Structures are given as structure tokens and as C-alpha cells.
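Q: Going by my numbering, the first residue of the sequence shown is number 975, and it counts up by one from there. Ideal Cβ placement from N, Cα and C applies to all residues, glycine included. These numbers were taken from a predicted model, which means no experiment stands behind them. Sending over a structure as C-alpha cells; questions will come in a sec.
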Amino acid sequence: MAKGTVTQKILASHIVEGKQTVNSDISIRIDQTLTQDATGTMAYLELEAMAVDRVKTQLSVSYVDHNTQQNGSENNNDHMYLQTVAASQGLYFSRPGNGICHQVHLERFGVPGKTLLGSDSHTPTNGGIGMLSIGAGGLDVALAMAGKPFRLSYPKIIGVKLSGKFKGFVSAKDVILKVLETLTTKGNVGCVIEYFGDGIKGLSVPERATITNMGAELGVTTSIFPSDQNTRKFLAAEGRSECWIEFLADEDAQYDKVIEIDLDTLEPLAACPSSPDLIKKVKELKGTKVNQVIIGSCTNSSYLDICLVSKMLEGRTVHHEVSLSVAPGSKQVFEMAARNGLLAPIIAAGARILESACGPCIGQGMSPADDCVSLRTFNRNFSGRTGTRNDKAYLVSPAVATASALTGMITTPDELGFVRPVLELPEKFMINDNMIIPPIPVEESKKVKIIRKPTLGAPPHNSALPSTIEGRVLIKVGSKITTDHIMPAGKHLKLRSNIPAYSKVVFECFNKDGELSFAEKAEALKKSGKHGIIVAEESYGQGSSREHAAICPMYLGIKAVIALSMERIHTANLINFGIVPLFFNGKKDYERIEENDSIVIKNIDTQLRLGNNIKGTHLKSGGQSGEIVFKHFLNKENVEIIIAGGVLNMK
Ligand code: MIC
Ligand code: SF4
């Protein structure tokens, strides 16, 4: 077996093309894929567009966990398509109610040493089990299901060395909040975070998964733990001992950078509104009034999380001005909590029990009241994601969330005199896969009739790149613009399979009352034969993998995004749908350009093919003009994809 870190070893055993040197373009074999319903409908429509009739991976699962509110027929229409297309393509189908994709995948499918590609940015959750798990846009996952290797840049490895043991109510959530404080949400593109050191011995697989899950907020390619005796114990408890293999980094493995965290000295932390890297110690926030507390999401809803919440709530009542909701992460967790008597204390304390799904994490219900603090155990608190404009969402551990729900103020459990209960991973989880429909034999799958209700659209194709971009800057935004800002979810989530309707809310949060919306401006420009351009500062496209943040702007005629820096998944999505990702040569150029300015780029196709500099003419809306030079970092293959107008136009 190859030498090095866990990541390097898995890459070495899966590499199909390219050199194993940092930043080289490589492609790897994908063993497993996962999709969820909010990104899955497009992914399967794209798979069908590639004329594939059965997935080529070792295992592919289609989950329904995001769009479960069913306000109107759209969600249920999508579910019918997903279930029938899964049957026809030889996939596992995890039915609504079975749980959040990442939690269920960890329980039932994740395998150490293998590769997983998922159309969801939190796919790295399964890094907790020692699997190289990467989030990507739906089209990249469709390509993987079609048997194509996945392209990425050979990563730098950032080692996070953990030492010591948690004290009191410090938990896995605080580890990842500490890493976010250190590395922030930007500047980590092209890195993998690998955990090692004595401190990992005290972390169970679900705790490790909390850490790798929220590693997505760093903007890294993925995060991973080795597969060790704790992994063996977890897989045995899931009745999947045969999947265990030991997968450790070599003693002399080289990391490109090492960060050390001493668990003994770590304190409970919180991410403050409205970015997962605005970290403060919980004790500094002490006394902040809280109106809503929600425990759940793919970050913190495992069986051990629910056990802790139940023990802390036993015999107590939620503060009279707080709404507490609890969503167990999977049916397995939910059923075990119910059968083992853990739910009763939670219900008795006054908590509102939610289904095992994404729910409020993706703005599906439970929007907080105006100007009120919401405390969540989730992984994202981007402004407006709760469904309330100017929301104040904090991200904390289940222990801090529960203590605060009891007092109505941000509180650490120690302040209430709680002593941390000793919680052990069960020797056997309750295994009941009755909500997972396994693949059916080829002969039967050929007879399946795929249900396509009228709200299900087709994936729109872009036109080939024009040789001259006659561009107009339709919007200029600042740093850390997330794909939630570009394509809001929440009440619009049900439009994921209807691009014309969903496109109407592109950049909705920047629309001003009484003025034309971004979509209206873009449509008018498109009709005039000109091309829309988006200008952004640092770290454009953070967060969700939703390829709609590329598809819908593409549908509105956007031809280029120009930024100081961009995030990995979003950049790949732009390329896949034929939008040119360009970069400024420094902040001065970003500052020079204003909304409504024109940018004309002649012979863009030839320029892209010839080198990394792209020359254009910048016309201020006031009249003056001048030359401007941008950069691009596209490899030859990506240049051809963009010139063709996206992957779906490639022969
Ligand atoms: C999210 O957490 O933002 C989501 C919803 O799970 C997304 C996927 C989506 O937008 O459908 C993600 O993380 O990729
Ligand atoms: Fe679902 Fe939230 Fe996890 Fe995304 S982050 S998969 S919306 S629970």
C-alpha cells in the first residue's frame, strides 16, 4: 500500500489520471455516490440526458430528506420521480422519514478506504468513518454514476493534531468551531483536513462525523479521520463488521501544515451571526437572551447527541419564552431514542419533536421571530438562511443548546451545575432498513415506468460561448457570498426541478422594494442580446453545493463571474454549465468596476485557449473606457467545456 497520510493512500488507490503532486489535475475512481432530493432531481435528469440506463458505481443511494414539507404538490412530484428513477437505474432509495442522507450513509453504507461523491456539500460527514467523501454539484455526481472518474486538484494536506481529552461539556462541535476560528471559511480551497494524534482515540465515529461534516464550512475538499479501533466498534454496532479495515496514516506521514488542538484546554464555543467562522467563547455570550433553540441537522443529531439532550432535560421544563425543537438525525436514532425511553423526557420538558430530516436547517419552517436569537446545533448560520431576514442565528453544541433552552439565555451546562453524563456508544444499534428500497434486478428495472409529473422540468442546456462577450455588470457583491445568497432555499426549495420558476429568485436577498429584481434585469439584458456578468470580492460561492446557483444564472443569460477568489464546488458548477469563472488581478481592479459598467471581451474562446490572461475593455457607465486584464485557471478540458456551453453540450 502507498505511504503517507490516509488521504494520500486513498487517492493513490483510486487515481485514474494525473500526478500525485499538490495542485496537479487528477481524476479518481468513485466507489459510491449519494444524492438528496433538493439536488437529486437535476442530477438524475442529467444522468438520463447522458443516456445511461444503470449506474456504474459499486453503490449509489438516492435520499429524500430536504424537501419534505410538501406545501403544494411539487415536492411529492419530485419524490415520485426520484423513487421511480432510482428503481430504473439500480439505486438504493432512502424514503422520506428514514433520515438525513449523511447520518444514514454513515450508519448503513460508509466504508473506510473507499471514495464517496455526494451532491451535497456535507458529504464529508463520512470522513468520520475513514472514507474519502467529497461534495460536488449534481452534474459531477451524475457523471460519477455514469462511471466517469471525478476530476479534482491534488490536495494539500492540513494535519490537525488532537491531544488530550474533553473536559466537562466540551464536545466535538467545539473542535470544529476551533478549527473554523483558526482557518476561517475562506482561503482553504484545494486542501484536505486530516485529523490525527492521541486525542482522536477518545472520539467515537459520530463525534468524528460532526467534525468532518462541519469541515465543509472551511471550503476544503474534504476532512477525514483514520479508520481505527473506534471505527471497528462503530461498524460492529451497525452490524457491518465486514466493512472494517484499518486505515491509518504512517508514522512519518508528511502534512503540508499542522495545527495542534489540546482538547484539555478547549472551551465551549459558538459561531455568531452570520458566519460559521465568527467564533466566540460561550462564556463571553453569557446572558444573551434566546427565543429559539433547535437541536438536529446532519451535524449534531446522532444517538449520543439525543442521549445527552434527554439526560439534561429529564425532569425539567423549557424556559417559558423559548421554543425548543429536536430532530433526531435518522430513523435509527429516532426509533432507538423512542424504544430506550429517551424521547419521553424530551417531550415532557416541552420540546417540539421534528421529523428526521433537514427541516429548519434549510429554512423549511421554524423561522425565528424578527430580532430574536436562534441557537442551533447546525453547521450554517448564513444571513437569512433561517427564512428570517437579518436573523441572529448562533451555532453551538447540543449541550450548550439544551442548557440555554432551560434558562432562556446563552448558558453553559456547568453554570447550571450539570455534570457530564458518561455516554457510551451502544454495542448494537437497532438495525431496521425497512425504509431503504434496495436496487432491483436489471430485467425488472427495465420495466419500471418513471413518473414525471408536470412540475418536473428538463435540465436546461446553455448555448455555446459567444466569441465576444458583450457584458454588463448586473450585480457587484462583496466577500463570502454563499450559494444561499445566490439561490435561496427555504420556501423556494420546492422549485428545484423547475428552472424557469426558480430563476426568478436569483439574488433575491439583494433585491430592493420598488426596483427591478436581479432576474428581471437579467432577462431584459438577455433579450437585448447582451450578456450578464456577476462581480464579486473574495470567496464567492461558499456553502451549499447546489448547482442551481450556476444553472439559474445561466438560464438568465449570465456568461461570466469575475471575482478575487471563488470556492471549489461553485467554480466546478459554473464550468459544468458554461459560465466563465474569471479572476481580478488584485483588489484595485475589483474596486474599479461598478454595477452597470460594461465589459467587452473579444475572442474569448481564442484567449481562453491561448493562455491565462484575458483582455477586455471596461466601459464605465459614465462613459470613460480602458483596458482590463483578468486571469483564468482553467485546464484545457475545462476550456473546451466552457466553449461548448457546458458538459451537457459535449459530444
Ligand atoms: C445545505 O446544507 O445548504 C444543503 C441544502 O444541504 C446543500 C444542498 C442543497 O442546496 O440542496 C448543500 O450543503 O450542498
Ligand atoms: Fe440537510 Fe442542513 Fe445537513 Fe444541508 S446542512 S444536509 S440542509 S441537515
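Closer than 7 Å to a non-hydrogen atom of the ligand MIC - does that hold for the CB of A1546?
A: Working through the sequence shown from its first residue, we reach residue 1546 at position 572. No, Cβ of A1546 sits at least 7 Å from all heavy atoms of the ligand MIC.
Q: Anyone know if the C-beta pair for F938 and F1551 falls short of 8 Å?
A: In the structure as shown, the chain starts at 975 and stops at 1625, and residue 938 therefore has no counterpart that could be examined.
Q: Taking 7 Å as the cut-off, is the C-beta of R1082 nearer than that to any heavy atom in the ligand MIC?
A: Within the sequence shown, residue 1082 is the residue found at index 108, counting from 1. Not under cutoff, so the answer is no.
Q: Evaluate D1011 with the Cβ neighbour count: other Cβ atoms within 10 Å of its Cβ, from every protein chain shown; 16 or more gives buried, anything less gives exposed.
A: Here residue 1011 corresponds to residue number 37 of the sequence shown, with the count starting at 1. Classification of D1011: buried, given that the 10 Å Cβ count is 16 or more.
Q: Which residues have a Cβ closer than 5 Å to any heavy atom of the ligand MIC, listed in chain order?
A: A1012, T1013, D1094, S1095, I1336, S1518, S1519 and R1520
Q: Measure the C-alpha to C-alpha separation of P1555 and A1534 and round it to an integer number of angstroms.
A: As a working mapping, residue 1555 is identified with position 581 in the sequence shown. As a working mapping, residue 1534 is identified with position 560 in the sequence shown. Going by the C-alpha atoms only, they are around 6 Å apart.
Q: Between the Cα of M1540 and the Cα atoms of I1174, F1607 and C1483, which residue gives the shortest distance?
A: For the purposes of this step, residue 1540 is taken as the residue at position 566 of the sequence shown. Nearest of I1174, F1607 and C1483 to M1540, Cα basis: F1607.
Q: How about the segment 1210 to 1228 and the segment 1111 to 1122: do they share at least three Cβ pairs that are nearer than 8 Å?
A: no
Q: With DSSP as the reference, label D1114 as helix, strand or coil.
A: For the purposes of this step, residue 1114 is taken as residue 140 along the sequence shown, with counting starting at 1. Helix, per DSSP.
Q: Please report how far the alpha carbon of F1356 lies from the alpha carbon of F1140, in whole angstroms.
A: Within the sequence shown, residue 1356 is the residue found at index 382, counting from 1. Within the sequence shown, residue 1140 is the residue found at index 166, counting from 1. Each residue's alpha carbon lies about 28 Å from the other.
Q: Is it right to say N1353 is buried, meaning 16 or more other beta carbons lie within 10 angstroms of its own, or is it exposed?
A: Counted from its first residue, the sequence shown places residue 1353 at position 379. Buried is the call here.
Q: Take every Cβ of the segment 982 to 991, pair it with every Cβ of the segment 1086 to 1098, and state whether three or more of those distances are shorter than 8 Å.
A: yes
Q: If A1160 and K1454 are in contact, beta carbons under 8 Å, what's the gap, nearest whole angstrom?
A: Within the sequence shown, numbered from 1, the residue matching residue 1160 stands at position 186. Within the sequence shown, numbered from 1, the residue matching residue 1454 stands at position 480. It is worth fixing the name first, because residue 1160 is Lys in this sequence and not Ala. Contact flag correct, Cβ pair sits at about 7 Å.
Q: Give the single residue among G1620, H1466, S1093 and A1110 whose Cα lies nearest to the Cα of G1339.
A: Start at 1 with the first residue of the sequence shown, and residue 1339 comes out as number 365. Checked all of G1620, H1466, S1093 and A1110; the closest Cα to G1339 is H1466.
Q: Compute the Euclidean distance between the alpha carbons of G978 and K1135, then round it to the nearest angstrom.
A: Taking the sequence shown and counting its residues from 1, the one referred to as residue 978 is at position 4. Taking the sequence shown and counting its residues from 1, the one referred to as residue 1135 is at position 161. Distance between the alpha carbons of G978 and K1135 is about 15 Å.
Q: For the ligand SF4, I want to know if H1040 counts as a neighbour, meaning its beta carbon is within less than 7 Å of at least one of the ligand's heavy atoms.
A: As a first step, residue 1040 must be located in the sequence shown, where it is residue number 66. Checking every heavy atom of the ligand SF4 against the Cβ of H1040, one is found closer than 7 Å.
Q: For a test of your reading of the model: does the CB of R1359 fall under 7 Å from any non-hydrogen atom of the ligand SF4? Yes or no.
A: Here residue 1359 refers to the residue found at position 385 when the sequence shown is read from its first residue. Checking every heavy atom of the ligand SF4 against the Cβ of R1359, none is found closer than 7 Å.
Q: Could you check the C-alpha separation between R1003 and Y1128 for me, to the nearest Å?
A: For the purposes of this step, residue 1003 is taken as residue 29 along the sequence shown, with counting starting at 1. For the purposes of this step, residue 1128 is taken as residue 154 along the sequence shown, with counting starting at 1. Distance between the alpha carbons of R1003 and Y1128: 14 Å.
Q: Quickly, what does DSSP pair P1555 with across the bridge? List them, please.
A: Along the sequence shown, one-based indexing puts residue 1555 at 581. Paired residues: V1535.
Q: Determine which residues share a DSSP beta bridge with S1284 and list them.
A: As a position in the sequence shown, residue 1284 is number 310, starting the count at 1. Answer is none; S1284 lacks a bridge partner.
Q: Check whether the Cβ of H1076 lies closer than 7 Å to any heavy atom of the ligand SF4, and answer yes or no.
A: Position 102 of the sequence shown holds residue 1076. Yes, the beta carbon of H1076 sits closer than 7 Å to at least one heavy atom of the ligand SF4.
Q: Give me the residue from A1017, T1381 and K1402 with the minimum Cα distance to H1293.
A: Counted from its first residue, the sequence shown places residue 1293 at position 319. When only C-alpha atoms are compared, the closest one is T1381.
Q: Evaluate the contact criterion for the segment 1040 to 1048 versus the segment 1394 to 1408: three or more CB pairs, one atom per stretch, below 8 Å.
A: no
Q: Assuming H1505 is part of the beta strand (DSSP E), what are its boundary residues?
A: By one-based count along the sequence shown, residue 1505 stands at place 531. H1505 -> beta strand (DSSP E) spans H1505 to V1509.
Q: So, using beta-carbon positions, are I1321 and I1327 closer together than 8 Å?
A: Taking the first residue of the sequence shown as 1, we reach residue 1321 at position 347. Taking the first residue of the sequence shown as 1, we reach residue 1327 at position 353. Taking 8 Å as the Cβ cut-off, I1321 and I1327 qualify as a contacting pair.
Q: Scan the segment 1336 to 1416 and note each continuous alpha helix (DSSP H) run of 4 residues or more that stays entirely inside, going in chain order.
A: 1372 to 1381
Q: Just the C-alpha distance for Q1032 and V980, rounded to the nearest angstrom, thanks.
A: Position 58 of the sequence shown holds residue 1032. Position 6 of the sequence shown holds residue 980. Their backbone Cα atoms lie some 21 Å apart in a straight line.
Q: Regarding F1356 and the ligand SF4, is the C-beta to nearest heavy atom distance less than 7 Å?
A: Numbered from its first residue, the sequence shown carries residue 1356 at position 382. No - the ligand SF4 has no heavy atom lying nearer than 7 Å to the Cβ of F1356.
Q: Just the Cα atoms here: how many angstroms apart are I1688 and E1168?
A: With the chain covering 975 to 1625 only, the question about residue 1688 has no answer from this structure.
Q: May I have the straight-line CA-CA distance separating T1591 from Y1564, to the nearest angstrom?
A: Within the sequence shown, numbered from 1, the residue matching residue 1591 stands at position 617. Within the sequence shown, numbered from 1, the residue matching residue 1564 stands at position 590. Looking at the two C-alpha atoms, the distance is approximately 14 Å.
Q: Could you tell me whether any non-hydrogen atom of the ligand SF4 is closer than 7 Å to the CB of F1271?
A: For this step, residue 1271 is matched to residue 297 along the sequence shown. Reading off the sequence shown, one finds Ser at residue 1271, where the question assumed Phe. Yes, the beta carbon of S1271 sits closer than 7 Å to at least one heavy atom of the ligand SF4.
Q: Confirm the yes/no value for this check: CB of F1308, any heavy atom of the ligand SF4, distance under 7 Å.
A: Along the sequence shown, one-based indexing puts residue 1308 at 334. Flag unset: Cβ of F1308 not near the ligand SF4.
Q: Could you give the C-beta distance for Y1529 and I1473, rounded to a whole number, given that I count them as a contact under 8 Å?
A: Stepping through the sequence shown from its first residue, residue 1529 is reached at position 555. Stepping through the sequence shown from its first residue, residue 1473 is reached at position 499. The Cβ separation is near 5 Å, so the contact holds.
Q: Cβ of F1352 within 7 Å of any heavy atom in the ligand SF4?
A: By one-based count along the sequence shown, residue 1352 stands at place 378. Yes, the ligand SF4 has a heavy atom inside 7 Å of this Cβ.
Q: Between which two residues does the alpha helix (DSSP H) holding I1626 run?
A: Any property of residue 1626 remains undetermined from this structure, which presents the chain solely from 975 to 1625.
Q: On the DSSP bridge assignment, give the partners of Q1010 in chain order.
A: Along the sequence shown, read from residue 1 onward, the residue named residue 1010 stands at position 36. Y1037.
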